[in-house]
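Numbering (the working numbering), first residue to last: 10 to 305.
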Amino acid sequence: MSDIKTTVLILLVSTIRMSTPITLAAIGGTFSARAGIMALGLEGFMLMGAWGAALGSYLFQNALLGLLMGIAVSVIFALIFGLFTIRFHVNQVICGIGFNMFASGFTAAMTQIIWGTRANSVQVPTLARMTIPGVGEISLLIPLMILISAVSWFYLFRTPSGLRMRVVGESVSAAESIGLKVNYYKYLGVTISGVLCGIAGSFLSIDHVNMFVRDMTAGRGYIAVAVNILGRFNPVGALGGGILFGFADSLQLLVPAELVPGQLLQMIPYMVTLCVIVFAVRYVVSPAGIGEVVER
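Now the structure itself:
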């Protein structure tokens, strides 16, 4: 019985830990989508945040400053994305994919310049952890993720500002007819997306491990897009979807490698993503104004 309890506890902790970066990025995508901007750049935002956090932690020898730098780098990258899509009306799908590709190449090149190899950085200071009796040490970003989920839901569905952002995401013309500053809310949604993706990326580089590794997001940004859809563009739904994918990612800890090859187990989260895209999308109504261009 004690072995079963231990296994369940390990699975639970691993599920929450694996779900943290995906959930944070998915909530960021929720804000972007609710403001009418397609959230296909999450992978790039996260990767830039992970690289910026490792660089900040390396330069200042302080993980908290590294976290702040990771957020700053991700926000700058997100605002550039916003400038292209909002100001210059670049196609949001093409822009999102292009920014993801740029982030991969940029971080690899800068890692080569700074640390002498494209593969990874040197080891850097990591964020402090909190100890929970009976559970052990967990990241401080895990309770922060839960708090962010609750606050984000309250903002979007219980505040006038959140209502205005949702109106912008549903119809630009309707928002303009009642005097809303459409571009302000679009940039606000993209900025919040950058902040949360910066935290998600920082979790990977200065919390989950203690270095930046090339392309360490490993598709988590794309999974976050699927989680956003599965959660019906709702922060609480994103939390639930993130936990589902975290559970799928944690199954490899339970199944012996002798029974199932590790490569197949690592495919599970991506197979779940494919199933969500194929089967769940048809039942989810996206904000009607996603991708809508504001002509000026």
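Glycine included, each C-beta is placed from N, C-alpha and C at the ideal position.
All figures in this text were calculated on a predicted structure; none of them were measured in a lab.
- When the five nearest sequence neighbours on each side are left out, the beta carbons in the same chain lying within less than 7 Å of the beta carbon of GLU185 are those of VAL191, in order along the chain.
- Here ALA42 is near GLY178, since their CB atoms are less than 8 Å apart.
- The alpha-carbon of VAL264 is positioned some 13 Å away from that of MET276.
- Pairing VAL102 with LEU49 gives a Cβ-Cβ distance under 8 Å.
- No residue range can be given for ILE46, since it is assigned to no alpha helix (DSSP H) and is classified by DSSP as neither H nor E.
- Contiguous alpha helix (DSSP H) elements confined to the segment 121 to 199 occur at 150 to 167, 169 to 179, 181 to 186, taking only those with 4 or more residues.
- In this chain, the alpha helix (DSSP H) harbouring THR282 covers 277 to 284.
- With three or more CB-CB distances shorter than 8 Å, the segment 63 to 74 counts as touching the segment 132 to 148.
- When secondary structure is reduced to three states using DSSP, VAL222 falls in the strand class.
- In this structure CYS284 is exposed. Its beta-carbon is surrounded by fewer than 16 other beta-carbon atoms within 10 angstroms.
- Here PHE97 carries a coil assignment [DSSP, helix/strand/coil].
- Here the segment 24 to 31 does not lie against the segment 81 to 88, with fewer than 3 beta-carbon pairs under 8 Å apart.
- Residue range 51 to 69 is occupied by the alpha helix (DSSP H) that includes LEU51.
- Nearest neighbour of LEU213 by Cα position, chosen from ILE201, ARG229, SER295, turns out to be ARG229.
- Per DSSP, ALA235 is one residue of the alpha helix (DSSP H) stretching across 229 to 239.
- Residue environment for PRO244: buried (at least 16 other C-beta atoms within 10 angstroms of its C-beta).
- With a threshold of 16 other beta carbon atoms within 10 Å, VAL144 falls short and is exposed.
- Rounded to whole angstroms, the separation of the alpha carbons of ILE187 and ALA227 is 42 Å.
- Judged by beta-carbon spacing, VAL199 lies within the 8 Å limit of PHE90, meaning their Cβ atoms are closer than that value.
- Assignment of SER295 by DSSP, reduced to helix, strand and coil, places it in the coil class.
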